[in-house]
Amino acid sequence: MSNHQIKMLIEQFNEEKRSCFAALGRGRKGLRFHADQRGYAVQLAQEIGVRATARILGLQRKTIQRWLRAKGIWVKACPDWVYDWAYWRRKRREKWERITARRGY
Numbered sequence: 397m398s399n400h401q402i403k404m405l406i407e408q409f410n411e412e413k414r415s416c417f418a419a420l421g422r423g424r425k426g427l428r429f430h431a432d433q434r435g436y437a438v439q440l441a442q443e444i445g446v447r448a449t450a451r452i453l454g455l456q457r458k459t460i461q462r463w464l465r466a467k468g469i470w471v472k473a474c475p476d477w478v479y480d481w482a483y484w485r486r487k488r489r490e491k492w493e494r495i496t497a498r499r500g501y
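This is the structure:
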C-alpha cells in the first residue's frame, strides 16, 4: 500500500467521524453542541486521545478537555513531553545567554 493510499484511508476515516459527529444534531438555543455530540466526542477522545479527536472533529482541544472533566474524567492540560521539552529549552536559552554575555554580544 502506498503512502498516498494510506493518507486517503486516514482522511476517509476522519471524514466518517466528522459526518457522524455532525449528524448527531445541533445544540439547543444557547448551546453550540448537542448532548449526543458531546458524548460522541468524549467517547472518541477516550479511544484515540484528546488531541487526535480535536484534530479530526475540528474542535478546540480545551473544549473536549472541559467535556471530559465535566464527566469526571481527569485530563492533563498537556502531555508529559511538553514539560520536559520546556525544561531543556530553558536550559539551552540560559546557556546561550551566558555565552553571549561573556563575549559581549
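Start counting the sequence shown at 397; every next residue gets the next number (the numbering used here).
All C-beta atoms, glycine included, are put in the ideal place defined by N, C-alpha and C.
Looking at the DSSP output, phenylalanine 429 shares a beta bridge with Arg422. Within the segment 420-494, no complete beta strand (DSSP E) segment of 3 residues or longer occurs. Remark: C-beta atoms of isoleucine 460 and alanine 473 do not approach each other more closely than 9 Å.
Residue burial is scored here from C-beta neighbours: tryptophan 463 has at least 16 other C-beta atoms within 10 angstroms and is therefore classed as buried. The three-state reading of DSSP puts serine 415 in helix, counting H, G and I together. In this structure, isoleucine 406 lies away from valine 438, with their beta-carbon atoms at least 9 Å apart. Between valine 446 and arginine 457, the C-beta spacing is below 9 Å.
Annotated as distal: lysine 413 and leucine 455, with beta-carbon spacing of 9 Å or more.
A direct Cα-Cα distance of roughly 39 Å separates glutamate 490 from glutamine 442.
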